[in-house]
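Participant: In our numbering, the protein residues as written are 1 to 268. From the three backbone atoms N, C-alpha and C, an ideal C-beta is built for every residue, glycine too.
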């Protein structure tokens, strides 16, 4: 049923890491994710731009472009976000967008919005969508590439999707703990699924451990110096450092549950 549909956003870090986690036939972890029938997948166009700026091997850009063209991943522009907000807020759509953008920026740095988007407050006729989008683009272009604009735009899209599809919004996201905590701590209940969370979901769906080990090994090889993951104790009071392979083994031993922020927690 349509009411059961989940709306899932893909972020830059997730797309890259899940794309490099693959088997000998170059079938990727991201390909498995696309098979999760309960989700519709979305990303902000800034994610595509961020990926295209990086020299990544293997390159996830052709994969993403193919999925966008096939309609498997729906690409959202700022124009489309403002258009959707216009259906709800009329001529206040641009102000609604700015509120979502400020919320997004404040999650990471309370000064970010004022530094890079504060000039918008002095722009006349911002309720005009074309004026607004032109001024917004100028501000976007002044944000240094390493300041994570894709992540902030994704947070705008997350909030818009939550307004439209309350309590059915998910983010396949970075395995960075702080980033996932910030998403999960938004006022509305946004659910995160990390790379480890994907392996957990695939285990639950019946994928054999021997099949998934190859994907996990490729991810582990990329991590190089990282030898442990942090998972929550049974009590939930602290995160324990656990060897990477042991985490995978214990996923298949069904020793974890997945939390709303995408973390794994021991249940036994």
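#1: Taking C-alpha atoms, which residue in 155, 238 and 36 lies nearest to residue 76?
#2: Looking at the unbroken beta strand (DSSP E) that takes in residue 230, where does it start and where does it end?
#3: Assuming residue 33 contacts residue 172 (C-beta within less than 8 Å), just tell me the rounded distance between them.
#4: Should residue 280 and residue 20 be called a contact, given that it needs their Cβ atoms to be closer than 9 Å?
#5: Below 8 Å, can you find three or more Cβ-Cβ pairs linking the stretch 141–156 to the stretch 61–68?
#6: For the 8 Å Cβ check, are there 3 or more pairs between the stretch 89–102 and the stretch 113–125?
#7: Here's the rule: buried if 16 or more other CB atoms are within 10 angstroms of the residue's CB, otherwise exposed. What is residue 54?
#8: Going by the beta-carbon positions, is the gap between residue 139 and residue 157 smaller than 9 Å?
#9: Measuring only the C-alpha atoms, how far is residue 159 from residue 170?
#10: Starting from the Cα of residue 106, find the closest Cα among 14, 149 and 253 and give me that residue.
#11: Cβ of residue 203 within 9 Å of Cβ of residue 254?
#12: Go through its chain and collect everything with a Cβ distance to residue 17's Cβ below 6 Å, but skip five positions before and after it.
#13: Taking its Cβ as the centre, do 16 or more other Cβ atoms sit within 10 Å of residue 197, making it buried, or is it exposed?
#14: Does DSSP put residue 265 in a helix, a strand or coil?
#15: Helix, strand or coil for residue 89? Go by DSSP, reduced to three states.
#16: Could you please give me the residues that DSSP links to residue 77 through a beta bridge?
#17: Tell me the DSSP secondary structure of residue 190 in three-state form.
#18: Looking only at its chain, what residues have a beta carbon closer than 6 Å to the beta carbon of residue 93, apart from the 5 residues adjacent to it on each side?
#19: Give the list of continuous alpha helix (DSSP H) stretches no shorter than 4 residues that lie fully inside the stretch 139–174.
#20: How many Å lie between residue 31 and residue 123 at the Cα?
#21: Whole-angstrom Cβ separation of residue 267 and residue 256, contact assumed at under 8 Å?
#22: Look at the Cβ atom of residue 15, then the Cβ atom of residue 62, and state whether they are nearer than 9 Å.
#23: I'd like to confirm the pairing. Which residues does DSSP put opposite residue 40 in its beta bridges?
#24: Using CA atoms only, rank isn't needed, just tell me which of 233, 225 and 190 is closest to residue 261.
#25: Could you pull the DSSP bridge partners for residue 256 from this structure?
#26: Is the beta carbon of residue 200 sitting closer than 9 Å to the one on residue 23?
Facilitator: Walking through what the data contain:
#1: 155
#2: 228–232
#3: Indeed they touch by this definition, with Cβ atoms about 6 Å apart.
#4: Residue 280 lies beyond the range of the chain shown here (1 to 268); nothing can be said about it.
#5: Fewer than three pairs of CB atoms, one per stretch, sit closer than 8 Å, so the stretch 141–156 makes no contact with the stretch 61–68.
#6: yes
#7: Exposed, because fewer than 16 other Cβ atoms sit within 10 Å of the Cβ of residue 54.
#8: No Cβ-Cβ contact shorter than 9 Å links residue 139 with residue 157.
#9: 11 Å
#10: 149
#11: yes
#12: 195
#13: buried
#14: strand
#15: helix
#16: Note: residue 77 sits in no beta bridge, so no partner.
#17: Residue state for residue 190 is assigned as coil, using DSSP reduced to three classes.
#18: 82, 85 and 86
#19: 149–164
#20: 44 Å
#21: With a beta-carbon spacing of about 6 Å, residue 267 and residue 256 fall inside the 8 Å limit used to define contacts.
#22: no
#23: 7
#24: That would be 190, whose Cα lies nearest to the Cα of residue 261.
#25: DSSP, once it has assigned bridges, lists 266 as partnering residue 256.
#26: no
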